[in-house]
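*Asks:*
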Amino acid sequence: MRVLVTGGAGFIGSHLCDRLLAAGDEVICVDNFFTGTRANVAHLRDHLNFELIRHDITEPIRLEVDRIYHLACPASPIHYQYNPVKTVKTSVLGTLNMLGLAKRVRARILLASTSEVYGDPLVHPQNEDYWGHVNPIGIRSCYDESKRLAETLMMDYHRQNRVDIRIIRIFNTYGPRMSEGDGRVVSNFLFQALRGEPLTVYGEGQQTRSFCYVSDLVEGMIRLMNGEHIGPINIGNPDEFTILELAEQVRALVNPELPIIFKPLPSDDPRQRQPDIARARTLLGWEPTVPLAEGLRRTVVEFRHRLGLDG
Ligand code: NAD
Ligand code: UDP
Ligand code: UDP
1 MRVLVTGGAG FIGSHLCDRL LAAGDEVICV DNFFTGTRAN VAHLRDHLNF ELIRHDITEP
61 IRLEVDRIYH LACPASPIHY QYNPVKTVKT SVLGTLNMLG LAKRVRARIL LASTSEVYGD
121 PLVHPQNEDY WGHVNPIGIR SCYDESKRLA ETLMMDYHRQ NRVDIRIIRI FNTYGPRMSE
181 GDGRVVSNFL FQALRGEPLT VYGEGQQTRS FCYVSDLVEG MIRLMNGEHI GPINIGNPDE
241 FTILELAEQV RALVNPELPI IFKPLPSDDP RQRQPDIARA RTLLGWEPTV PLAEGLRRTV
301 VEFRHRLGLD G
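Take 1 as the starting number for the sequence shown in UniProt numbering and just add one per residue.
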């Protein structure tokens, strides 16, 4: 199979490239390196089945492929708010271009959507039938609303042009190769801890998230692509933690003496988030296997290495 991975030099995309190559696929990775890096895929450079193309998906591109994993989009609040108009262009025009490509070459296309389509949810845990509670004019809207529109485009190309689609709604995912300055809570806490800096908890730390280790996520994504169900399907780890509990786990893992400092809660910060994964369980036979403590242990090994602290 010849597989296109957009955003393949990013955090999740690079792990996906690894898995697809290991399974014997030919992989074309398209990335503009806005948040991704060559370093994430440097180990694949000499792989005969791997090709890396620098390209911005807001521009059209013609490739001949059988499958498209469409992940290109800045994903952390710091990155997607850096240039919100560009975020909308990437999510909407980028998805439009990938759908045009999928239509032309009759490729199956999977969109990496997000739990953010549920906004600050009024239903808990969130299942796929929930339509969400999203602020259309807030500082997160460039991401949330444009992912919602990307889902709409996917469904309309499916209904109108019979494009073969899959939609995955990804919940907070973490693991090796997360970018250091992305401001996400797991990378912030672990890098702060490794540097001996205080952990920055926003608000009172009572808001919750459910953290999925990247290998579990990639497994769910591949199962969805290869299965018969178009989705949307939630993929995430239903174990829910307050941010303060996460800080405690990081302290226990790296340094129990680390102080915690409290900072203001960003606006529109969702209070709680937990995936309902009943659909993934029944339709894909998928569930996460890596508990938070274990995933943090594996992640910190790579972060230590990146900081040159391992030897
Ligand atoms: P990431 O920032 O590491 O990866 C995104 C990749 O897309 C980067 O390599 C970036 O350079 C590339 N990119 C951005 N704009 C582009 C453009 N215009 N043209 C070409 N390439 C472009 O983020 P990630 O965490 O790996 O996220 C991957 C996908 O998964 C995103 O679509 C994101 O919305 C989705 N997602 C991630 C999470 C999570 O917790 N990590 C949660 C929900 C959804
Ligand atoms: N597109 C692309 N690669 C392709 C085919 C299409 O990038 O191989 C782009 C195309 O330039 C357009 C978008 O995908 O901007 C949607 O294509 P579609 O054919 O659906 O619409 P149209 O080109 O008729 O507007
Ligand atoms: N957060 C925090 N300290 C940090 C970074 C984030 O307390 O240094 C909080 C943030 O306010 C949010 C949660 O952790 O409530 C998860 O933030 P992240 O940006 O990782 O993901 P998202 O809000 O997109 O789910």
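In this text, a Cβ means the ideal position worked out from N, Cα and C, and glycines have one as well.
1. At 4 residues or longer, and completely inside the stretch 265-311: list those alpha helix (DSSP H) runs for me, N to C.
2. To the nearest whole angstrom, what separates the beta carbons of F171 and S115, a pair I think is in contact under 8 Å?
3. Assign R297 to one of two classes, buried (16 or more other C-beta atoms within 10 Å of its C-beta) or exposed (fewer than that).
4. Give every residue whose Cβ lies closer than 6 Å to any heavy atom of ligand 4, listed in chain order.
5. Shorter than 8 Å, the distance from the beta carbon of I243 to the closest heavy atom of ligand 3, or not?
6. Going by the CB atoms, is the gap between F303 and F191 shorter than 9 Å?
7. When you compare only the Cα positions, how much space is there between I47 and D66?
8. Could you please give me the residues that DSSP links to T173 through a beta bridge?
9. Would you call the stretch 144-158 and the stretch 197-209 touching, i.e. three or more CB-CB distances under 8 Å?
10. Rounded to the nearest angstrom, how far is the Cβ of L265 from that of G227, given a contact under 8 Å?
11. What residue does the beta strand (DSSP E) around L27 start on, and which one ends it?
12. How is the beta strand (DSSP E) around N234 delimited, first residue to last?
13. I'd like the span of the alpha helix (DSSP H) that includes L190, first residue to last.
14. Could you name each continuous alpha helix (DSSP H) segment of 4 residues or more that falls completely within the stretch 94-179, going from the start of the chain to the end?
15. Can G181 be considered in contact with ligand 3, in the sense that its beta carbon sits closer than 8 Å to one or more heavy atoms?
16. Could you check if P74 belongs to the surroundings of ligand 1, using beta carbon to heavy atom distance under 8 Å?
17. Please state whether DSSP places L258 in a helix, a strand or coil.
18. For V123, which residues of its own chain have a beta-carbon under 6 Å away from its beta-carbon, when the five flanking residues on both sides are left out?
19. Please report how far the alpha carbon of S14 lies from the alpha carbon of L307, in whole angstroms.
20. Identify which residue in T289, Q272, P291 has its Cα closest to the Cα of Q126.
21. Is it true that the CB of E240 sits closer than 9 Å to the CB of T208?
22. With respect to 8 Å, is the separation between the Cβ of R169 and the closest non-hydrogen atom of ligand 3 below this value?
23. Within 8 Å: the Cβ of R184 and any heavy atom of ligand 1?
24. With a threshold of 8 Å, establish whether the CB of Q207 neighbours any heavy atom of ligand 3.
25. What separation, rounded to the nearest whole angstrom, lies between the Cα atoms of P270 and N83?
26. Taking 8 Å as the line, does the beta carbon of F33 fall inside it for any heavy atom of ligand 3?
27. Alpha carbon to alpha carbon, what distance is there between G36 and G8?
28. Which of the three DSSP states, helix, strand or coil, is assigned to L199?
29. Quick one: Cα of L246 to Cα of S210, how far?
30. Around the C-beta of G24, are 16 or more other C-beta atoms found within 10 angstroms, so that it is buried, or is it exposed?
*Replies:* From the atom records:
1. 292-306
2. 4 Å
3. exposed
4. Absence of ligand 4 is noted for the structure shown, with ligand 1, ligand 2 and ligand 3 being the only ligands found.
5. yes
6. yes
7. Residue identity check: residue 47 is His in the sequence provided, not Ile. Taking the straight line from one Cα to the other gives about 20 Å.
8. C212
9. no
10. The Cβ separation is near 38 Å, so there is no contact.
11. It is Val, not Leu, that sits at residue 27 in the sequence shown. Residues 26-31.
12. 233-235
13. 185-194
14. 141-161
15. no
16. yes
17. coil
18. Y130
19. 20 Å
20. Q272
21. yes
22. no
23. yes
24. yes
25. 21 Å
26. no
27. 8 Å
28. strand
29. 10 Å
30. exposed
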